[in-house]
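Chemist:
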Amino acid sequence: MTRKGVNSDASYYNWGTSWPIIFLLILSAISFIRGLAFVTHYWESSVPIESIYINLYWLLYNLVGLILATYVSNERPRLRQSERFSAPQHIRVTLPDDDTVSGTILDWNESGARIQLEMQEMNSTNLGTGVMVINHVDINFKKVWQKKDNNRVLIGVTFDNLSDKAYAYILSQTYAKSSYCLTEQQYNNRIWYLFVIWW
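Counting from 1, one number per residue, gives the positions in the sequence shown under my numbering.
1) So, are the CB atoms of Q146 and I139 less than 9 Å apart?
2) Would you report the Cα separation of H136 and V144, rounded to the nearest angstrom?
3) Are the CB atoms of L59 and F32 within a distance shorter than 9 Å?
4) Could you tell me whether the Cβ atoms of N109 and I170 are closer together than 9 Å?
5) Quick one: Cα of F85 to Cα of K142, how far?
6) Excluding sequence positions up to five away, which residues of its chain have a Cβ less than 7 Å from the Cβ of S18?
7) How would you label A168, buried or exposed, when you count the other beta carbons within 10 angstroms and need 16 or more for buried?
8) Taking the continuous beta strand (DSSP E) assigned at D99, which residues delimit it?
9) Considering only the alpha carbon of each residue, which of P48, V64, V133 lies closest to V101?
10) Taking the Cβ atom as the reference point for each residue, do A208 and L106 lie within a distance shorter than 9 Å?
11) Roughly how many angstroms separate the alpha carbons of K4 and F159, rounded to a whole number?
12) Could you spell out the range, first to last residue, of the beta strand (DSSP E) harbouring D164?
13) How far does the alpha helix (DSSP H) with T70 in it reach, from first residue to last?
14) For Y13, which three-state DSSP category applies?
15) Consult DSSP for W19 and reduce its assignment to one of helix, strand or coil.
16) At the level of alpha carbons, what is the spacing between V47 and L68?
17) Thinking K36 and L66 are a contact (beta carbons under 8 Å), I'd like their distance in whole angstroms, please.
18) Which residues in the same chain as S45 place their Cβ atom closer than 6 Å to its Cβ, once the five residues preceding and following it in sequence are excluded?
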């Protein structure tokens with residue numbers, strides 16, 4: 001797992017933690033091949049073949065486990081310093097020209113958020129900073145990125161000059177929120193897809 005608070009924009013394999021597993025994997029693979037050579041009479045065995053069948057079964061079992069264990073050392077990209085919390089809450093965003101647009105917070109933490117704005121067209125230069133209002137709390141932000149999604153605009157923002165009230169509200173809606181109120185993100189990846197994408 002990637003260390004908390006450490007950012008990484010690319011995946012990589014942690015050889016420092018995986019070498020004992022790989023070493024055991026190689027030894028098990030060699031033993032499995034050697035056992036197959038005995039049961040197929042490619043090599044003569046000095047022990048009963050029945051006992052070699054039992055060893056082959058457990059070697060195959062261990063090989064599957066060791067192969068899966070090698071995936072643990074694959075580090076995912078970590079683009080954010082803090083975990084994001086899903087928060088489908090409606091907000092009002094005040095733009096620099098005093099126009100307001102409605103939107104929805106998709107996810108956020110104490111340092112920033114991903115917001116979906118309810119507007120069809122938006123000039124990329126008309127939003128550098130702004131204020132989002134949620135439950136009568138003003139939260140200042142700076143735009144980091146922006147892209148269009150169908151008839152809506154997605155923006156990524158970082159919070160700027162937060163008041164004590166705003167910071168306390170954000171914490172109450174993220175880290176201090178009861179786990180029963182948090183929705184867990186669902187993934188639809190199949191096991192075969194994980195194997196293929198990793199290699």
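No residue lacks a Cβ here, since even glycine has one placed at the ideal position from N, Cα and C.
Modeler: The answer reads as follows:
1) Contact: no.
2) A straight line joining the alpha-carbon of H136 with that of V144 spans about 24 Å.
3) Going by C-beta atoms, F32 is nearer than 9 Å to L59.
4) Yes, Cβ-Cβ distance for N109 and I170 is below 9 Å.
5) Just so you know, the alpha carbons of F85 and K142 end up roughly 19 Å apart.
6) Scanning its chain for C-beta atoms nearer than 7 Å, with the 5 sequence neighbours on each side dropped, one finds around S18 the residues T70, S73, in chain order.
7) Exposed, because fewer than 16 other Cβ atoms sit within 10 Å of the Cβ of A168.
8) It is not in any beta strand (DSSP E) - D99 carries neither H nor E in the DSSP assignment.
9) Residue V133 is the option with its Cα nearest to V101.
10) The structure shown does not extend to residue 208, since the chain spans only 1 to 199, so no value can be given for it.
11) Caution is warranted here: a pLDDT of 47 is assigned to K4, below 50, making its placement in the model unreliable, and no coordinate value can be reported.
12) D164 -> not in any beta strand (DSSP E); alpha helix (DSSP H) instead, spanning 164-173.
13) The continuous alpha helix (DSSP H) containing T70 extends over residues 49-70.
14) Under the three-state reduction of DSSP, Y13 is assigned to strand.
15) Correct three-state label for W19: helix.
16) Rounded to the nearest angstrom, the two C-alpha atoms are 31 Å apart.
17) Going by the sequence as given, residue 36 is Leu instead of Lys. Not really, about 17 Å apart at Cβ, beyond 8 Å.
18) Taking S45 as the centre and dropping the five residues before and after it, the same chain places the C-beta of F38 closer than 6 Å to its C-beta, in chain order.
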